[in-house]
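Chains A and B supply the protein sequences, listed in that same order.
Quick note on the numbering used here: the first sequence kicks off at 1 and runs consecutively.
Quick note on the numbering used here: the second sequence kicks off at 1001 and runs consecutively.
No residue lacks a Cβ here, since even glycine has one placed at the ideal position from N, Cα and C.
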Amino acid sequence: GAGVSQSPSNKVTEKGKDVELRCDPISGHTALYWYRQSLGQGLEFLIYFQGNSAPDKSGLPSDRFSAERTGGSVSTLTIQRTQQEDSAVYLCASSLAAGVGQPQHFGDGTRLSIL
Amino acid sequence: GNSVTQMEGPVTLSEEAFLTINCTYTATGYPSLFWYVQYPGEGLQLLLKATKADDKGSNKGFEATYRKETTSFHLEKGSVQVSDSAVYFCALSWITGGGNKLTFGTGTQLKVEL
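Written as structure tokens, this is what we have:
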């Protein structure tokens, strides 16, 4: 079946511009997570959605970062006024529920480059 | 807070050699433990998991045992192949208000040569 889909796969933009990254989770998965993978920081948690609500936003690095999820499905991560330190691969994952040991299924990521 | 420490790479082995990648963790309570693998040019894939002490996760010839007494989850494979070349990430998850979010180690690159 279809896995987690992320778009775009690559995004190059100028410093100061806003960007939107999209995640389409596996159908029926209620839990959705965003992570960031960068050379200096490794893999970091950003935000967690259960349905359309976000009980944990503790990983968002600044108020320039926001995310929403609609219809319990697609999620969008928005970065405003991008900075060079935002350059990274942004990964989305979904799981059937947020229970013990539930595996997360990852998309291929969006590689974001800020010039 | 929770953290995962894994051995630095790259690890270079000859085909059919024995593989061990060490992973230790710090966590309160009883986290679930995972190994994820990232093949060149691909996304993260779950390799195996264990949810309680003494559980052994296994998949594709890889094994790891959840050792609470040593807070470890070392990855092993008896005979590696060139196709196992990838980056391996150890991770833990803990049920909180943040759902089941994963805390990852820094990753260990494995290179297997003929």
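So, for residue i: in the same chain, excluding its five sequence neighbours on each side, which residues have a beta-carbon less than 7 Å away from its beta-carbon?
{"i": "A1017 of chain B", "result": "V1080"}
{"i": "L1118 of chain B", "result": "Residue 1118 of chain B lies beyond the stretch modelled for chain B, which goes from 1001 to 1114, so this question has no answer here."}
{"i": "P103 of chain A", "result": "S95"}
{"i": "A98 of chain A", "result": "A31, Q50"}
{"i": "R69 of chain A", "result": "L32, F49, N52, S75"}
{"i": "E44 of chain A", "result": "Y35, R36, G59"}
{"i": "H29 of chain A", "result": "S94, S95, L96"}
How would you label residue i, buried or exposed, when you count the other beta carbons within 10 angstroms and need 16 or more for buried?
{"i": "T1070 of chain B", "result": "exposed"}
{"i": "A1053 of chain B", "result": "exposed"}
{"i": "L115 of chain A", "result": "exposed"}
{"i": "Y48 of chain A", "result": "buried"}
{"i": "T1103 of chain B", "result": "buried"}
{"i": "S53 of chain A", "result": "exposed"}
{"i": "S58 of chain A", "result": "exposed"}
{"i": "V1082 of chain B", "result": "exposed"}
{"i": "G1099 of chain B", "result": "buried"}
{"i": "S62 of chain A", "result": "exposed"}
{"i": "Q1006 of chain B", "result": "buried"}
{"i": "A1064 of chain B", "result": "buried"}
{"i": "K1068 of chain B", "result": "exposed"}
Could you pull out every residue in the same chain whose Cβ sits closer than 6 Å to the Cβ of residue i, ignoring the five residues on either side in sequence?
{"i": "Q1109 of chain B", "result": "G1009, P1010, V1087"}
{"i": "S1003 of chain B", "result": "T1026"}
{"i": "A1050 of chain B", "result": "L1033, G1057, Y1066"}
{"i": "L1044 of chain B", "result": "Y1036, Q1038"}
{"i": "K1077 of chain B", "result": "L1019, G1061, F1062"}
{"i": "F65 of chain A", "result": "I79"}
{"i": "S73 of chain A", "result": "none"}
Below 8 Å CB to CB, which residues in the same chain sit around residue i once its five sequence neighbours on both sides are set aside?
{"i": "K11 of chain A", "result": "V19, L21, T110, R111, L112, S113"}
{"i": "E1113 of chain B", "result": "T1012, L1013, S1014, E1015, V1082"}
{"i": "G1029 of chain B", "result": "W1094"}
Interface residues of the stretch 1049–1066 of chain B facing chain A [CB-CB below 9 Å]: K1049, A1050, T1051, K1052
Taking one C-beta from the stretch 28–42 of chain A and one from the stretch 78–94 of chain A each time, how about it: are there three or more such pairs within less than 8 Å? yes
Residues in the stretch 53–80 of chain A with C-beta within 7 Å of chain B's C-beta atoms, listed in sequence order? P55, D56, S58
If you measure beta-carbon to beta-carbon, which residues of the stretch 88–100 of chain A are closer than 9 Å to chain B? L91, A93, S95, A97, A98, G99, V100
Residues of the stretch 21–55 of chain A whose Cβ lies closer than 7 Å to any Cβ of chain B, in chain order: A31, Y33, G42, L43, F45, Y48, Q50, P55
Any chance the stretch 18–26 of chain A sits against the stretch 70–82 of chain A, with 3 or more Cβ pairs inside 8 Å? yes
The stretch 1–8 of chain A contacting the stretch 21–28 of chain A, beta-carbon criterion three pairs below 8 Å: yes
Taking Cβ-Cβ distances below 8 Å as the criterion, which residues of the stretch 1071–1083 of chain B are in contact with chain A? none
Counting only runs that start and end within the stretch 1035–1065 of chain B, where is the beta strand (DSSP E) found for 3 or more residues in a row? 1044–1050, 1056–1059, 1062–1065
Interfacial residues, the stretch 1098–1111 of chain B to chain E, with Cβ spacing under 9 Å: Looking for chain E here will not work: the only protein chains present are A and B.
Taking a Cβ distance cut-off of 8 Å, strictly less, list which residues of the stretch 102–115 of chain A are near chain B, in chain order. Q102, P103, Q104, H105, F106, G107, D108, G109
Mind listing which residues of the stretch 1008–1034 of chain B have their C-beta closer than 8 Å to chain A's C-betas, in chain order? S1032, F1034
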